[in-house]
Structure formats: C-alpha cells, structure tokens
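Numbering-wise (our numbering), the sequence shown opens with residue 547 and increments by one.
Glycine included, C-beta positions come from ideal geometry on N, C-alpha and C.
Everything numeric in this text was worked out from a predicted model, so none of it was measured.
As structure tokens, the structure follows; a few thoughts come after it.
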Amino acid sequence: MGIRVLSVAPRMIYPAYSGGDLRILSLLRHLKTRYRFSLLIPVVPDQQDGYSKAAAALEREGVCKVHLVARDPSPPRQPPWRLPDGARDFYDRRLAESLVRIVIREDIPIVHFEFSEMAQYAKTIRFMSRAVLTEHDASLVSAFRFYRPSRSLWEQSWSWLRRLAYERAVLGDCHKVIALSEADAGRLRRLSPRSDVAVIPQGVDLGDFPFRAMAERAPNTLLFIGYFGHHPNEEAALEIGQKIMPWVLRAIPRARAWIVGSKPGPRVLSLESSHIRVLGSVPRVQPFLQSGRAFVAPLRRGYGSKTKILEAFASGIPVVATPLACEAMPGIEAGKHLLIGSRHEEIARQAVRLLRDPELGRRLADNARRYVEREWDWAARAQALDQVYREVLKKPAVIPS
Numbered sequence: 547m548g549i550r551v552l553s554v555a556p557r558m559i560y561p562a563y564s565g566g567d568l569r570i571l572s573l574l575r576h577l578k579t580r581y582r583f584s585l586l587i588p589v590v591p592d593q594q595d596g597y598s599k600a601a602a603a604l605e606r607e608g609v610c611k612v613h614l615v616a617r618d619p620s621p622p623r624q625p626p627w628r629l630p631d632g633a634r635d636f637y638d639r640r641l642a643e644s645l646v647r648i649v650i651r652e653d654i655p656i657v658h659f660e661f662s663e664m665a666q667y668a669k670t671i672r673f674m675s676r677a678v679l680t681e682h683d684a685s686l687v688s689a690f691r692f693y694r695p696s697r698s699l700w701e702q703s704w705s706w707l708r709r710l711a712y713e714r715a716v717l718g719d720c721h722k723v724i725a726l727s728e729a730d731a732g733r734l735r736r737l738s739p740r741s742d743v744a745v746i747p748q749g750v751d752l753g754d755f756p757f758r759a760m761a762e763r764a765p766n767t768l769l770f771i772g773y774f775g776h777h778p779n780e781e782a783a784l785e786i787g788q789k790i791m792p793w794v795l796r797a798i799p800r801a802r803a804w805i806v807g808s809k810p811g812p813r814v815l816s817l818e819s820s821h822i823r824v825l826g827s828v829p830r831v832q833p834f835l836q837s838g839r840a841f842v843a844p845l846r847r848g849y850g851s852k853t854k855i856l857e858a859f860a861s862g863i864p865v866v867a868t869p870l871a872c873e874a875m876p877g878i879e880a881g882k883h884l885l886i887g888s889r890h891e892e893i894a895r896q897a898v899r900l901l902r903d904p905e906l907g908r909r910l911a912d913n914a915r916r917y918v919e920r921e922w923d924w925a926a927r928a929q930a931l932d933q934v935y936r937e938v939l940k941k942p943a944v945i946p947s
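Following this line, the structure appears as structure tokens:
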C-alpha cells in the first residue's frame with residue numbers, strides 16, 4: 547500500500563480550468579500508483595452538485611477519497627486580522643476542524659497545501675503530520691506586482707506588508723516549500739531564509755497536445771487562453787481587446803481574436819465584438835490551440851511558469867509574449883522559440899508578423915515543440931515531487947523553532 551498524502555486545495559481541480567488545477571491533477575495522475583492520495587476541498591452550497599460529480603470522477607481515476615467540506619454559510623465576523631485578503635477568503639473553522647479529524651482518523655503522514663492561501667491551516671496539524679506547500683505564484687511577495695491601481699497607496703502598502711508577514715509565517719509552518727522556478731525560489735528564500743525550498747517547474751502532457759502544422763490553421767486568428775479568476779489573465783485579455791486588436795486591425799482588417807477561459811468577468815465579456823469572440827469556459831482547449839494562427843500572451847504580473855504558453859508550444863501555435871510571461875522558462879530564446887514584445891504596440895507588431903509570415907510561424911513552432919519535449923514533460927516533474935515526499939518523510943513532524 548502506498549503512503550497516504552492529503553492534498554488541500556482552494557477549489558475543485560476537475561475539470562482543470564487553470565494552470566494550477568492542471569498541475570495538481572497531472573502530478574496526482576503520475577504518482578497515484580506510488581501514493582494513496584486524497585483531497586480536501588471547501589465547497590459552498592451552490593457548488594455542491596457540481597463538486598460531488600467531479601469528486602466521483604476523481605475517485606474513479608484513482609484518488610482514494612475527495613473530502614468536500616461545506617463552508618460555514620455565516621462566516622466569522624472577525625477572521626484573524628493578520629490574514630491578507632486572499633487568505634481571509636478561505637478562513638473557515640469547519641475546514642480546519644475537518645483537516646485535523648482526517649489527519650488523525652486516516653493517519654496521514656503528509657499534507658500537501660496547494661496555494662499559499664490554504665497554508666494558513668498548516669499550523670493546525672504541526673504535531674500530527676508533515677506539511678508541504680506549493681507556492682503557485684510568488685508574485686504577491688513583490689510590491690510592484692501586488693499593485694492594484696484601484697486602491698490607495700496607503701491601502702496598498704498595508705495590504706502588501708500584511709501579505710509579507712503572512713507569507714513568512716506560512717513558509718515557516720511547512721516542512722518543505724515547492725516553487726515553480728529558480729527565480730521564485732530565490733524570492734521565497736529571501737523572505738524566509740530557514741525554509742527548505744525545492745524547485746519543481748510546471749509541465750505539459752505532450753500526448754494531450756498534439757502538434758499541428760501552420761498550413762492547417764485558421765488564417766488571421768489570434769488566441770488567448772486563461773483562467774480569468776486570476777487577475778493577471780483578466781488584465782491580459784483587456785489589453786488584447788482594448789489596445790492590441792485595434793492596432794492589429796489597422797494592419798489586417800480581417801483579423802480576429804478568440805479569448806477562451808473560465809470565469810470571464812463583465813469587463814472581459816464586454817470585449818465581444820465582430821472581431822473578438824469571448825468564448826468563456828470550454829470543455830477542452832485543444833481545438834483552439836489546434837486552430838489559432840498565433841497565441842498572444844501580454845502578461846504583466848505574476849511569477850511562475852505559464853501553463854498555456856507551454857501548451858501552445860506543444861500544439862504548434864507560434865507565440866508572442868511579454869518578457870515576464872517566459873521568465874520562468876530556462877533556455878528560452880526570443881526569435882528562436884517565440885517572439886517578444888514589451889509594450890502593446892510591440893506585441894501587436896509581432897502578432898502581425900506571425901499572421902503575415904507563415905514560414906516564421908512554422909520555424910518558431912518547430913523549435914518550441916522541441917523545447918517542451920526536451921524540458922517540460924510531466925513525468926520528470928512527478929519524479930521530483932516523489933523525491934520531495936521521500937525527503938519530508940525523514941523529517942520529524944515538529945518543525946524546530
């Protein structure tokens with residue numbers, strides 16, 4: 547029998563609508579023969595039916611048990627004031643109590659917290675189990691990338707300092723922290739020098755994303771895919787609709803853009819026009835990655851590996867992106883694997899190049915596919931996570947002060 551691991555996630559991971567969901571699901575699938583995985587997920591009443599069906603599907607795939615914990619419908623009037631905004635959203639006594647009960651009843655030696663918001667519960671099991679945290683996005687430790695123009699400078703500063711204090715605390719509560727890039731790991735180590743930080747980058751399942759040649763793709767079609775509950779993806783979609791597409795249309799009047807992904811808000815939905823289709827949540831993103839002529843990723847905030855760019859590389863759709871979008875991709879070369887633009891005019895100009903020059907797109911796509919084949923397969927990531935679990939099991943449950 548495999549070692550028991552309980553993963554604690556902020557939302558249902560199946561079907562995978564975001565890069566974080568896909569990461570959790572992919573690693574579970576690759577390691578399910580070595581470990582006995584279970585999941586703990588908070589749920590609100592209007593999600594119960596959908597989550598229950600998804601939980602049943604996960605259990606059919608080999609997850610031992612999906613624990614759905616009904617959130618308290620009347621949240622506490624005063625959650626701990628030290629919690630930053632994102633963590634306060636997931637503060638729930640029922641979840642903490644359920645976590646402790648499950649760890650004791652099932653004798654769980656490893657609890658894996660996905661996203662720092664869920665790591666607030668690590669201290670509740672500090673004498674019972676070993677805590678692992680995957681920090682999916684270390685951007686919140688950066689004042690610049692934490693910035694929200696809609697809030698006052700004083701409010702921003704206070705929120706950021708509270709976030710830093712929270713991050714430092716939860717990093718110290720975990721036996722092992724997983725970052726998605728060396729750059730992220732460096733930021734986390736500076737924040738919490740005593741933390742044991744490992745790097746396990748994102749991956750891509752190459753079998754799920756077959757390569758398609760340029761000649762078979764829809765002409766003059768730009769594509770962006772993202773989970774719009776993640777603010778940087780919403781910002782990118784708005785930049786495409788409001789700044790990039792007007793520039794592209796002046797050069798190529800027949801151009802169009804597809805914006806695909808779950809949870810588009812009113813601002814993203816308002817981009818719908820004769821040249822822009824906002825398709826929202828779709829069963830599978832592969833048909834769009836197989837059809838688009840160029841993938842545009844004007845991402846300006848958020849650290850970590852960008853899953854959709856890796857999937858675009860695998861699928862054969864050439865990419866134009868900001869420097870930040872590929873920051874966590876070692877060995878990537880502008881002009882060889884993708885095109886780079888910083889300002890929206892530069893991104894639009896590069897997108898027009900890709901729409902007009904299929905040979906350029908073919909060359910970039912071929913190189914990008916070889917790059918993901920060489921560097922980004924999920925099997926290697928699963929091996930690295932297996933090693934992390936083995937190291938954690940050698941540690942005592944109580945973290946030395």
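For Q836, the CB contacts under 7 Å within the same chain, skipping 5 residues up- and downstream, are R758 and S861 in chain order. Between the C-alpha atoms of P799 and K599 there is a straight-line separation of about 45 Å. Cβ-Cβ distances below 7 Å link E762 to nothing in the same chain once the five nearest sequence neighbours on each side are left out. A distance below 8 Å separates the beta carbons of V865 and L884.
Under the DSSP assignment, Y667 falls outside any beta strand (DSSP E); it carries neither an H nor an E label. DSSP, read as helix, strand or coil, puts F841 in strand. In this structure A871 touches L845 by the C-beta definition: roughly 4 Å separates them, less than 8 Å.
Residues of the same chain with a CB within less than 7 Å of the CB of E905, apart from the 5 flanking positions on each side, do not exist.
Nearest C-alpha to S819 among A642, R672, L795 and A840: L795. A684 places its beta carbon less than 8 Å from that of L734. For R582, the enclosing beta strand (DSSP E) covers residues Y581 to V589. Contact annotation: P747 and A874 have beta-carbon atoms nearer than 8 Å. Per DSSP, S861 lies in no beta strand (DSSP E) segment; the continuous alpha helix (DSSP H) that holds it begins and ends at T853 to S861. Counting every other CB atom within 10 Å of its CB across the protein chains shown gives R902 a total below 16, marking it as exposed. Residue environment analysis places E701 among the exposed positions, since fewer than 16 neighbouring C-beta atoms fall within 10 angstroms of its C-beta.
For W804, the secondary structure class from DSSP, reduced to helix, strand or coil, is strand. Secondary-structure assignment with DSSP links D923 through a beta bridge to V750.
One thing to note: G566 has its Cβ within 8 Å of the Cβ of H682. The residue among D751, D730, K789 and G632 with its C-alpha nearest the C-alpha of R889 is K789. According to the DSSP assignment, A874 belongs to no beta strand (DSSP E), since it is labelled neither H nor E. According to the DSSP assignment, G566 belongs to the alpha helix (DSSP H) that extends over G565 to L577. Closest option to A764, judged by alpha-carbon separation, among F841, V944, E785 and A711: F841. Straight-line spacing of the CA atoms in S675 and I656 works out to 6 Å. Scanning the region 753 to 817 for uninterrupted beta strand (DSSP E) segments of 3 residues or longer gives 767 to 771 and 802 to 806, listed from N- to C-terminal end. Per DSSP, the unbroken alpha helix (DSSP H) holding L737 starts and ends at E728 to L737.
Taking C-beta separations shorter than 6 Å and ignoring five residues to either side along the sequence, the partners of K809 in its chain run F774 and G775, following chain order. Distance between D595 and L571, taken at the CA atoms: about 20 Å.
Judged by beta-carbon spacing, I863 lies beyond the 8 Å limit of G881, meaning their Cβ atoms are not closer than that value. With contacts defined by Cβ atoms closer than 8 Å, L856 and W924 do not form a contacting pair.
Secondary structure note for A562: it is in no alpha helix (DSSP H), with a DSSP letter that is neither H nor E. Straight-line measurement puts the Cα of K852 at about 33 Å from the Cα of I648. Burial of Q666 is indicated by the presence of at least 16 other C-beta atoms within 10 angstroms of its C-beta. The C-beta of T767 has 16 or more other C-beta atoms within 10 Å across all chains shown, which makes the residue buried.
Apart from sequence neighbours up to five positions away, the residues of its chain that approach D618 with a beta-carbon distance below 6 Å are D638 and R640, ordered along the chain.
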